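Under my numbering, the letters of the sequence shown match residues 57 to 285, in that order. Note that CB positions come from ideal geometry on N, CA and C, so glycine has one too. Note that this is a predicted model, so its numbers are computed, not measured.
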Amino acid sequence: RVVLIVATDGERGVGSGGPDLGAKRRAETLASSLVLGVERVEFLGYGDSGYDVRPGGHPEGGTASARALTSGTLAAAHLDAVAAAVRRILVEEEATALTSYDDNGIYGHIDHVLVHEIAVRSVEGTSCEHYGSTLGRSAVRQLRQELVGRGLVADLWPSLLAEQLGVEDGPALVTVDVTGQLDHKLAAVAAHSSQLLEAMTFMGLPAGAFHHLLGREWFRIARRGQGHF
């Protein structure tokens, strides 16, 4: 049984959702969840905190940065209260494992970083494991080398950017081969139509580069327990 908890509506993101991007993204999340067989979706209802980017479209130094600490956004929320709401769901579901972003939100989005912190707090007092979704930095580095070797202009993917994404290999990093589920994964991604154009240059990578990584997923062990990894 899989349960999805969504922190924000993503209404300040870049995309093609029209004037009510948040409502469109909620509908897209439900459609994607149907594809994946998610049995329960909970929206916490916080506003998108926004994300500063440099003129070239890259995250501002790869670090968390909110555009403004606006009332109602996740960045302005009391994190212990949010964690308590998540913990209630974990207890209701007798959850074995919780996944979130890694401690840098993979690429530094303030809401992603906060989701990690909320997850850390929410598993306290439970037997639930916690895994941070991330990228294997060595795989990102290898992909860049391969694409440059095949003719990609190196300046389109600065080596410094490759070094900022994800984490290095180590005993706390779990790699999962999802090629057997790739058709379902791609269909679920396609349900998020308002983000597809944005995703073409996801995390500042050259157009289409991230899609080479979709057959694997990486999780950093944040809290061990009695789960399946």
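Strand pairing of residue i, partner residues [DSSP]
i	result
Y102	T64
L229	R276
Y187	T155 and I277
R96	V59
V223	G192
T129	G103
Supposed close pair residue i, residue j - CB separation, criterion 8 Å
i	j	result
S156	S189	7 Å
E185	A153	4 Å
L130	L170	5 Å
V232	E273	5 Å
A265	L203	6 Å
L199	L100	Rounded, the Cβ-Cβ distance is 34 Å, inconsistent with contact.
Spatial neighbours of residue i in its chain, beta-carbon cut-off 6 Å, leaving aside the 5 residues before and after
i	result
D159	H172
E66	Note that residue 66 is Gly in the sequence shown, not Glu. Taken in chain order, the residues that qualify are R81 and D104.
Y178	The sequence shown places Ser at residue 178, rather than the Tyr named in the question. Within the same chain, S178 has close Cβ partners A139, V142 and R143.
G118	Note that G118 scores 44 on pLDDT, short of 50, meaning its location in the model is unreliable and no value can be drawn from it.
G161	H168 and V169
T182	L146
Own chain residues within Cβ distance below 7 Å of residue i, not counting five before or after
i	result
A247	E84, A87, S88 and V91
T235	G271
8 Å Cβ shell around residue i - same chain, five flanking residues per side excluded
i	result
G128	Y102 and G103
I145	V59, I61, E98 and A151
Inter-stretch contact (C-beta, 8 Å, three-pair minimum) for the region 222-240 and the region 189-207: yes
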